Structures are given as structure tokens and as C-alpha cells.
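In what follows, a structure is listed as C-alpha cells, so that the remarks can point back to it.
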Amino acid sequence: MGSTLGLRDASGMRRADLMVGRDGSALALGGMNLKTTLWLSTGRRNPLLEESDTPTLSISDSKGFETIIGSTDLVTPSTGETHKTSAASVVLFDKDKNVIWQAP
């Protein structure tokens, strides 16, 4: 288990979290809609949980579109097959979490 430091704005709304765990650290920044809009991790996707174990930068907007730079888990909808992208990848998702572009 690790520790989390949360930062709030003047109205008391939580806007940023710094998480530190045994296997890495992460920074989560929230937008006006109170959803995480930027996620940067040096180890696990969430150092406090048992999730993916490679560096990731995730940026999303209020409509649910997301860009992930770094390793992420992908699922092929037609087969249900899962695979992990490399740390050198960029994946763009639409609001329904479907891949709309990726490299490599």
C-alpha cells in the first residue's frame, strides 16, 4: 500500500492527486468536470492498485476521448483477445473507448 496527497481548489473540490507506492508513483490532474484529465505514472497505472506496470501518460477530455502514450492494455472487440502495447506506443480512443488510431 502507498500514500496519496490530494490538493483542492478554493471551493474545496479535489483537483490533483500525487500517489506514491512501493512500485512507482503517479500524478492525476482533474478538470472542471471532476474527472481525471491527465494521468502520469512512473510504474503501475495506479501505484496503489495492482494494474499495468509500465510508464503511462494519459490525457482525456470531458467527452471521454483519450490519448495514452506508453503501455496500455487493448482488447480486440471481435475476439475478446487482449494484448499490451509497448512503452513506445501512442493510442487514441474515442468516447466509447474504441481505438481510433495507434502507432506503432
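The sequence shown begins at 263 in my numbering and counts up one residue at a time. Think of the CB as a built atom: it goes at the ideal place given N, C-alpha and C, for glycine as much as any other residue. Note that this is a predicted model, so its numbers are computed, not measured.
Run of the beta strand (DSSP E) containing residue i, from where it starts to where it stops
| i | result |
| --- | --- |
| residue 318 | 318-322 |
| residue 328 | 328-332 |
Proximity below 9 Å, CB of residue i to CB of residue j
| i | j | result |
| --- | --- | --- |
| residue 352 | residue 329 | yes |
| residue 304 | residue 324 | no |
Bridge partner(s) assigned by DSSP for residue i
| i | result |
| --- | --- |
| residue 344 | 337 |
| residue 365 | 352 |
Cβ distance (whole Å) where residue i is taken to contact residue j below 8 Å
| i | j | result |
| --- | --- | --- |
| residue 335 | residue 344 | 6 Å |
| residue 277 | residue 291 | 7 Å |
| residue 322 | residue 333 | Their Cβ separation, rounded to whole angstroms, is 17 Å, which puts residue 322 and residue 333 out of contact at 8 Å. |
List in chain order: all unbroken beta strand (DSSP E) runs of 3+ residues lying wholly within the region 263-304. Segments of the beta strand (DSSP E) lying fully in the region 263-304: 265-270, 276-283, 286-292 and 298-303.
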